[in-house]
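Comments concern the structure below.
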Amino acid sequence: MEQKIMIAVMAALLITGCRTEHSTEQAGKLEYRPAVNEVSVITLEKRPFSLQILSNGKLSAIAGSSLVFAGSGTIAKVNFCNGDRVKKGDVIAELENTDKRMALESASISLKKAELDYLDVLAGLGYSQPESAPEDVRDLSLIRSGLSASRNEYEKAKYALDGTCLKAPFSGIVANIKLKEWDSSDGKPFCSVIDDSRFEVKFNILESEYPIVSKGQNVMVTPFGKDAVVSYSGKIKNVNPSIDENGQIEVCAVLDGTPSLIDGMNVKVTVDKVLDRKLVVPKSA
Numbered sequence: 312m313e314q315k316i317m318i319a320v321m322a323a324l325l326i327t328g329c330r331t332e333h334s335t336e337q338a339g340k341l342e343y344r345p346a347v348n349e350v351s352v353i354t355l356e357k358r359p360f361s362l363q364i365l366s367n368g369k370l371s372a373i374a375g376s377s378l379v380f381a382g383s384g385t386i387a388k389v390n391f392c393n394g395d396r397v398k399k400g401d402v403i404a405e406l407e408n409t410d411k412r413m414a415l416e417s418a419s420i421s422l423k424k425a426e427l428d429y430l431d432v433l434a435g436l437g438y439s440q441p442e443s444a445p446e447d448v449r450d451l452s453l454i455r456s457g458l459s460a461s462r463n464e465y466e467k468a469k470y471a472l473d474g475t476c477l478k479a480p481f482s483g484i485v486a487n488i489k490l491k492e493w494d495s496s497d498g499k500p501f502c503s504v505i506d507d508s509r510f511e512v513k514f515n516i517l518e519s520e521y522p523i524v525s526k527g528q529n530v531m532v533t534p535f536g537k538d539a540v541v542s543y544s545g546k547i548k549n550v551n552p553s554i555d556e557n558g559q560i561e562v563c564a565v566l567d568g569t570p571s572l573i574d575g576m577n578v579k580v581t582v583d584k585v586l587d588r589k590l591v592v593p594k595s596a
């Protein structure tokens, strides 16, 4: 009898355990909820899109000239130093010119004598004034009197004296003085004059960037250096329609000169281009 009771109790416990396990499993299934990934949606609109090209370039003055004395000789006087500003026609340096001045004086005396001889020849031919003589008579008198040759010698002497003065061909700044007083010129360059009122800057862009740039487009030029925080505005002067062996295209821009810019300076060049009505995806997307 006791054995039967024990079997009945064990069977009841087994049935109860199975029901509990089944109920727990069912409860777990009811409580599970799949994770939901929420997605934000925005509507793309066509609006202006900014493109930017960054490149490096080098400034060069819009005009520059290496100056050489017309003749050879000893440098007697230097009137300007590197960095000095000159105006067109200023005498930058002079050669010793004693012999040239004496030659010009002699040529001037010979010219005056030939002018008197010219009038004497005309008078001998019956003409008191050159204006009254026919052209062929005047030509003959010029040759007989030696006036033509004297005029030529005078101009040559004047040119030789002028050649002892080295003059600025345009207004600008003096640079690269290579000789000093009492040096011999001997046809060597004495200095350069740089017109720093405007500068060119040449820089390269990639082949893929060619459609973005065009003549007259604005650029920003920034000198290198920790203190170079100021940028200068310029415009593209031309775009070379040829691709080099590196797949790059040369662009030339111009900008006004300032005291902060010098010939040969390395600079950064920025070109901005705004494209109209493009689908733009926000950076936060």
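For the sequence shown, position 244 matches number 555 in our numbering, and the numbering has no gaps at all.
Glycine included, C-beta positions come from ideal geometry on N, C-alpha and C.
If you're wondering where the values come from, they're calculated on a predicted model, not measured in any experiment.
- When secondary structure is reduced to three states using DSSP, Thr409 falls in the helix class.
- For Asn515, the enclosing beta strand (DSSP E) starts and ends at 502 to 517.
- Around the beta carbon of Val432, 16 or more other beta carbons lie within 10 angstroms, which makes this residue buried.
- For Asn367, the secondary structure class from DSSP, reduced to helix, strand or coil, is strand.
- Counting C-beta pairs with one atom in each stretch, the segment 488 to 501 and the segment 459 to 475 have fewer than three that are closer than 8 angstroms, which means they do not touch.
- Annotation for Lys548: Glu511, Lys526, Cys563, Ala564, Val565 place their beta carbon closer than 8 angstroms to its own, counting only its chain and skipping 5 residues before and after.
- In this structure Tyr470 is exposed. Its beta-carbon is surrounded by fewer than 16 other beta-carbon atoms within 10 angstroms.
- In the three-state reduction of the DSSP assignment, Tyr543 falls in the strand class.
- If you check the CB distance, Glu405 and Cys476 come in under 7 angstroms.
- Within the same chain, and ignoring the five residues on either side of Ser361 in sequence, the residues whose Cβ sits closer than 6 angstroms to its Cβ are Val585.
- Here Ile454 carries a helix assignment [DSSP, helix/strand/coil].
- In the three-state reduction of the DSSP assignment, Ile386 falls in the strand class.
- Taking C-alpha positions only, Gly545 is separated from Gly474 by approximately 39 angstroms.
- The way I'd put it, the segment 388 to 408 doesn't touch the segment 521 to 536; fewer than three beta-carbon pairs between them come closer than 8 angstroms.
- Sixteen is the threshold: since fewer than 16 other Cβ atoms of the shown chains lie within 10 Å of the Cβ of Ile554, the residue is exposed.
- The bridge partners DSSP lists for Gly375 are Ile505.
- Its Cα nearest to that of Ala479, the residue Ser376 stands out among Ser495, Ser376, Val580, Leu472.
- The bridge partners DSSP lists for Asp567 are Arg509.
- Taking the Cα positions, Ile364 is about 16 angstroms away from Gly558.
- Val541 counts as exposed, since fewer than 16 other beta carbons sit within 10 angstroms of its beta carbon.
- Collapsing the DSSP output to three states places Lys579 in a strand.
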